[in-house]
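Everything on this sheet refers to the single structure shown next.
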Amino acid sequence: WEAMYNENCFEVGSGLPRGRFRSGTSGMCYEERVLYRLLSGWHASTTIAIAKNFYAPGTKGGGGSWAPNPDMFMRSLGTHPEWLKNLHFSFVVMLRAIKKAGSFLRLYQYS
Numbered sequence: 174w175e176a177m178y179n180e181n182c183f184e185v186g187s188g189l190p191r192g193r194f195r196s197g198t199s200g201m202c203y204e205e206r207v208l209y210r211l212l213s214g215w216h217a218s219t220t221i222a223i224a225k226n227f228y229a230p231g232t233k234g235g236g237g238s239w240a241p242n243p244d245m246f247m248r249s250l251g252t253h254p255e256w257l258k259n260l261h262f263s264f265v266v267m268l269r270a271i272k273k274a275g276s277f278l279r280l281y282q283y284s
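174 is the number of the first residue of the sequence shown in this note's numbering; add one for each residue after it.
Put into structure tokens, the structure is as follows:
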């Protein structure tokens with residue numbers, strides 16, 4: 174792990190990338206900025222999934238129900254357009270990876 178952090182301009186011993194606590198990304202190297210954007214995008218994706226399938230305890234006679242929660246979405250992501258841009262960035266990276274692996278994925282036996 175130490176070699177991975179050293180080679181990618183990360184601070185050794187830090188639990189999270191520096192960029193998570195700084196207002197800007199100017200102190201980060203290119204790889205660190207990319208990793209930060211990917212992690213931020215995946216975090217946004219998880220938050221959207223939770224807001225879309227939110228379990229509201231105590232609804233409908235105390236039993237609870239699963240329903241979209243637009244208020245949670247707006248509180249979590251609606252005021253942070255940069256996080257939604259990072260979500261888009263993460264999906265673009267994932268689609269490019271799938272495209273590069275296309276020939277392998279077509280030949281792979283899924284059964």
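Think of the CB as a built atom: it goes at the ideal place given N, C-alpha and C, for glycine as much as any other residue.
Being a predicted model, the structure only gives us computed values, none of them experimental.
Under the three-state DSSP convention, the category alanine 274 falls into: The residue you call residue 274 lines up with position 101 of the sequence shown. Residue state, collapsed to three classes: coil.
Segment limits, beta strand (DSSP E) that includes serine 238: On the sequence shown, residue 238 is found 65 positions in, with the first residue counted as 1. Residue range 238-240 is occupied by the beta strand (DSSP E) that includes serine 238.
Reduced DSSP secondary structure (H/G/I, E/B, other) of tyrosine 281: The residue given as residue 281 occupies position 108 in the sequence shown. It is coil, neither helix nor strand.
Backbone CA spacing between lysine 225 and serine 218 [nearest angstrom]: Here residue 225 refers to the residue found at position 52 when the sequence shown is read from its first residue. Here residue 218 refers to the residue found at position 45 when the sequence shown is read from its first residue. CA-CA distance, lysine 225 to serine 218, rounds to 10 Å.
Closest by C-alpha distance to leucine 211, when choosing among Phe277, Glu255, Ala274, Tyr281: Locating residue 211 in the sequence shown gives position 38, counting from the first residue. Nearest of Phe277, Glu255, Ala274, Tyr281 to leucine 211, Cα basis: Glu255.
Proximity to isoleucine 223 [Cα-Cα], best of Phe277, Met247, Tyr281, Phe264: Your numbering for residue 223 matches position 50 in the sequence shown. It is Met247 whose Cα lies nearest to the Cα of isoleucine 223.
DSSP bridge partner residues for tyrosine 228 (one or two, in chain order): Locating residue 228 in the sequence shown gives position 55, counting from the first residue. For tyrosine 228, DSSP records a beta bridge to Trp239.
Spatial neighbours of serine 196 in its chain, beta-carbon cut-off 8 Å, leaving aside the 5 residues before and after: Counted from its first residue, the sequence shown places residue 196 at position 23. With a pLDDT of 47 at serine 196, under the threshold of 50, the modelled position of this residue cannot be trusted, and the question is left open.
Own chain, CB closer than 6 Å to phenylalanine 264, minus 5 neighbours either side, in chain order: Stepping through the sequence shown from its first residue, residue 264 is reached at position 91. Apart from the 5 residues on each side of it in sequence, phenylalanine 264 has no Cβ closer than 6 Å to any other Cβ in its chain.
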